[in-house]
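Q:
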Ligand code: HEM
């Protein structure tokens with residue numbers, strides 16, 4: 514008798530646990546259906562996101578696939594594990610989210626600002642609320658105080674280059690020099706920069722796993738106290754940072770630093786300078802490196818365009834940079850989190866607080882609705898005022914109050930480096946040049962996923 518009732522009780526408890534678990538994991542599965550937003554059929558525990566969770570598709574590939582699967586829709590829904598997530602395809606709706614109704618979408622919702630990693634915690638990209646306002650003002654003033662004058666170090670980096678060259682290695686040398694001149698003291702050997710960027714660019718299995726966790730399960734990344742940058746600074750790094758141009762500018766911008774210190778009492782000046790430097794590397798150096806790789810690759814494959822850049826003015830060079838940014842944007846998806854229940858203007862779509870909204874930058878850049886012959890490389894399109902057909906269909910730097918802070922610096926670096934290289938070299942493809950330039954997700958951005966080799970033929974005048 515006792516045994517029977519015991520078995521019965523256990524069975525009832527088990528059924529209850531299974532039912533509650535099932536209810537928990539499928540609670541939001543009808544979320545998009547009842548809102549008449551198209552979405553794929555979700556599976557318990559994985560939602561519609563199974564390709565991404567199992568690493569079969571990257572986040573970008575997943576967003577791009579959904580974008581093209583529903584060509585006529587303005588919005589496409591998905592379920593990430595169990596939580597609804599929205600892709601906004603319509604440029605007018607994108608404008609509303611990123612710009613007009615920014616107050617309702619001012620966070621990225623990545624939940625990484627509580628990380629134990631001092632660099633992540635003080636990185637403007639992840640910051641939220643008042644900390645975001647203070648950091649943004651501070652970084653804006655840092656950027657306005659920086660002078661990018663790298664002709665001399667560019668000359669040193671490029672001299673000796675001849676023949677088939679690994680473009681990424683050459684660009685690392687060039688950008689190490691540029692960011693050193695920009696941020697560190699003249700006497701510095703620049704090791705802080707090169708060590709930091711090689712840490713960020715590392716692609717070992719452990720690094721990929723950490724990046725995967727940071728992207729797919731950020732709360733686990735925070736919970737396990739994972740870090741990308743080393744927590745303890747060596748005495749040499751400390752010394753280099755203390756005398757850096759960056760530290761000097763930060764000291765002068767005391768208002769925002771005082772505000773931040775109030776919120777983060779254990780943060781020393783040198784730790785803060787380290788965190789700002791890390792923002793420059795992860796958000797600035799890395800995308801510039803990828804963009805420059807793409808520009809040089811595109812120019813080597815298009816000799817007519819290369820010739821025209823040498824002969825024309827700045828406007829044409831800018832069009833070349835914009836076209837490489839269109840075809841290979843270093844950030845393929847820009848996200849925002851909904852801060853309160855929100856109704857899209859002139860529609861009956863209502864979304865709840867905490868829903869993540871994704872802007873499919875790369876997919877829009879390749880949509881024939883906005884670009885004539887979108888797959889072809891044609892910088893001239895940016896000389897015509899009618900291309901793209903909607904300004905919010907071109908977003909390599911995002912848009913609105915949370916737009917990239919380094920757009921001007923990136924354009925300046927891209928112009929200087931491209932001009933310096935084209936002045937000295939004819940770029941050509943060689944046997945080791947891949948047929949296509951492919952990018953893979955790396956963190957929240959994209960990175961060229963293999964070595965790019967090009968032939969650098971010195972020009973004699
Ligand atoms: C080719 C180069 C670059 C590209 C394509 C790029 C692109 C972007 C994009 C798409 C965003 C997100 C914008 C949004 O959410 O609306 C962003 C944010 C940001 N970028 Fe850049 N970026 C580049 C270079 C730089 C540089 C040189 C810096 C200098 C420090 C920088 C600093 C930042 C920061 C701090 C943010 C976060 C802004 C915030 O959340 O308020 N970026 N960038």
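Residue numbers (my numbering): 514 to 974.
Backbone N, C-alpha and C define an ideal beta-carbon position, used for all residues, glycine too.
(1) Quick one, are the C-beta atoms of residue 958 and residue 735 less than 9 angstroms apart?
(2) For a test of the three-state rule: what should DSSP assign to residue 861, helix, strand or coil?
(3) Return yes when at least one heavy atom of the ligand HEM lies under 8 angstroms from the C-beta of residue 798, else no.
(4) Run through DSSP, which three-state label would residue 597 get?
(5) DSSP puts residue 677 in a beta bridge; with which residues?
(6) Is residue 794 near residue 655, with beta carbons less than 9 angstroms apart?
(7) Do the segment 825-843 and the segment 864-884 meet, that is, are 3 or more Cβ pairs less than 8 angstroms apart?
(8) Confirm, please, whether the CB-CB distance from residue 970 to residue 738 is below 9 angstroms.
(9) Using the three-state DSSP reduction, which class does residue 628 fall into: helix, strand or coil?
(10) Put residue 549 into one of helix, strand or coil per three-state DSSP.
(11) Under the criterion of a Cβ to heavy atom distance below 8 angstroms, does residue 589 qualify as lining the ligand HEM?
(12) In this structure, what does DSSP give as the bridge partners for residue 633?
(13) Would you mind sorting residue 575 into buried or exposed? The rule is 16 or more other CB atoms within 10 Å of its CB.
(14) From what residue to what residue does the alpha helix (DSSP H) around residue 725 run?
(15) Report whether the distance from the Cβ of residue 836 to the nearest heavy atom of the ligand HEM is below 8 angstroms.
(16) Alpha carbon to alpha carbon, how far is residue 755 from residue 693?
(17) Verify whether the separation of the beta carbon atoms of residue 790 and residue 834 is less than 9 angstroms.
(18) Per the contact definition of three or more C-beta pairs closer than 8 angstroms, is the segment 598-617 in contact with the segment 848-868?
(19) I believe residue 797 touches residue 919 by the beta-carbon criterion, under 8 angstroms. Please report the beta-carbon distance rounded to the nearest angstrom.
(20) Under 8 angstroms by Cβ, that's how I've got residue 618 and residue 850 pegged, so tell me the actual separation to the nearest angstrom.
(21) Three-state secondary structure (DSSP) at residue 926?
(22) So residue 696 and residue 930 are supposed to be a Cβ contact under 8 angstroms. How far apart are they, rounded?
(23) Check whether the segment 725-733 and the segment 805-821 touch, using three or more Cβ-Cβ pairs below 8 angstroms as the test.
(24) For residue 837, report the span of its alpha helix (DSSP H) as first-last.
(25) Look at the alpha carbon of residue 956 and the alpha carbon of residue 831, and state the distance between them as a whole number of angstroms.
(26) To which residues of the same chain is residue 836 closer than 8 angstroms at the C-beta, ignoring the five residues directly before and after it?
(27) According to the Cβ coordinates, are residue 906 and residue 883 closer than 9 angstroms?
(28) Return the chain-ordered list of same chain residues with a C-beta closer than 7 angstroms to the C-beta of residue 750, the five sequence neighbours on each side being excluded.
(29) Which same chain residues end up closer than 6 angstroms to residue 923 when comparing Cβ atoms and leaving out the 5 residues on each side of it in sequence?
(30) Out of 914, 708, 663, state which residue places its alpha-carbon closest to the alpha-carbon of residue 613.
(31) Going straight from the alpha carbon of residue 760 to that of residue 620, what length do you get?
(32) Quick check: the Cα distance between residue 570 and residue 579, rounded to an integer number of angstroms?
(33) For residue 561, which residues of its own chain have a beta-carbon under 7 angstroms away from its beta-carbon, when the five flanking residues on both sides are left out?
(34) Rounded to whole angstroms, what is the Cα-Cα separation between residue 568 and residue 714?
(35) What does residue 620 pair with, by DSSP beta-bridge criteria?
(36) DSSP on residue 961, reduced to helix/strand/coil?
A: Once the coordinates are examined:
(1) no
(2) coil
(3) yes
(4) strand
(5) 968
(6) no
(7) yes
(8) no
(9) coil
(10) coil
(11) no
(12) In DSSP, residue 633 forms no bridge with anything.
(13) buried
(14) 718-729
(15) no
(16) 14 angstroms
(17) no
(18) yes
(19) 5 angstroms
(20) 7 angstroms
(21) helix
(22) Going by Cβ atoms, the distance from residue 696 to residue 930 rounds to 17 angstroms, so no, they are not a contact pair.
(23) no
(24) 827-840
(25) 27 angstroms
(26) 811, 890, 891, 892, 894, 895
(27) yes
(28) 705
(29) 801
(30) 914
(31) 28 angstroms
(32) 12 angstroms
(33) 552, 553, 555, 591, 592
(34) 20 angstroms
(35) 850
(36) strand
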